[in-house]
Amino acid sequence: MNDAVRLQPEDFSLDKEVAALRVNSKRIGGIITFLGCARDFSEGREVHEIVFDVHYDMALAELLRLRNEAIARFDLIDARIIHRLGSVRAGENIVLIVAGAEHRVGAFDACRWMIDELKARAPIWKKEITLQGKSWVTPHL
Amino acid sequence: MINVLFFGPVAERSGTRQIDLDFREGLRWQDVRDTLRARYPEAFEIVSIVAVNGQRVGEQETAPLTDGAEIVFMSAFSGG
Numbered sequence: 002m003n004d005a006v007r008l009q010p011e012d013f014s015l016d017k018e019v020a021a022l023r024v025n026s027k028r029i030g031g032i033i034t035f036l037g038c039a040r041d042f043s044e045g046r047e048v049h050e051i052v053f054d055v056h057y058d059m060a061l062a063e064l065l066r067l068r069n070e071a072i073a074r075f076d077l078i079d080a081r082i083i084h085r086l087g088s089v090r091a092g093e094n095i096v097l098i099v100a101g102a103e104h105r106v107g108a109f110d111a112c113r114w115m116i117d118e119l120k121a122r123a124p125i126w127k128k129e130i131t132l133q134g135k136s137w138v139t140p141h142l
Numbered sequence: 010m011i012n013v014l015f016f017g018p019v020a021e022r023s024g025t026r027q028i029d030l031d032f033r034e035g036l037r038w039q040d041v042r043d044t045l046r047a048r049y050p051e052a053f054e055i056v057s058i059v060a061v062n063g064q065r066v067g068e069q070e071t072a073p074l075t076d077g078a079e080i081v082f083m084s085a086f087s088g089g
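Residue numbers (the working numbering), protein chains in the order written: chain X, 2 to 142; chain P, 10 to 89.
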């Protein structure tokens, strides 16, 4: 459960993921995190739950590739990507990206790049459950 | 056998997540697409991404499939 890239139904701890990133290196000078959460409102409707569908093997392989690319491209010391699966209630965590680098600029740029690339490349689909019905989300890139 | 997978909105529109098709020599992923598009036109309206054996493929990739190949027809992703 301590892998740097995970797809999991259960919630995660931002503090534990940051600690896991820091444990292997004291050369990290900056850590940037992106925490994606489930909004309770979307396109005029109250959302109480989001359900994720995923091609697990392809998505995990893509996220592993993405992390490796980010480490090389932005000279990161380490990075972590965790994405929830299954059902997520409004207000809960969906995705966490953690980027650690010697300097802040690389960490900022890498964090933004990783979440943008995840949205474009990982075969994951979300369905919003509302009082008015259920609908698959059109991507917001 | 060719193993075809649908996920998310494509699975919902087609009413299925997995289909087995008979393999024949020379079969390309586009042949599979054409066969299934005729069967599930509403699902294929939103298909914009295709992967063969875990690798995304484009229209220009015409290599014949091998027996046991997995093809995934997908709509635009919406994770994160």
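Positions of the beta carbon are idealized from the N, C-alpha and C atoms, including for glycine.
- Annotation for A102/X: the continuous beta strand (DSSP E) segment containing it runs N94 to A102.
- Straight-line measurement puts the Cα of I33/X at about 10 Å from the Cα of V106/X.
- Annotated three-state conformation of T25/P is coil, per DSSP.
- Under the three-state reduction of DSSP output, E11/X falls in the coil class, being neither helix nor strand.
- Counted as a single uninterrupted DSSP element, the alpha helix (DSSP H) harbouring A108/X occupies residues R105 to R122.
- With a threshold of 8 Å between beta carbons, A102/X makes no contact with chain P.
- A direct Cα-to-Cα measurement between L61/X and C38/X gives close to 20 Å.
- Proximity of P124/X to chain P, defined by a Cβ-Cβ separation below 8 Å, is satisfied.
- Any Cβ of chain X closer than 8 Å to the Cβ of P18/P would place that residue at the interface, and such an atom is present.
- Chain X has no Cβ within less than 8 Å of the Cβ of G77/P.
- L22/X and L77/X have their C-alpha atoms roughly 11 Å apart.
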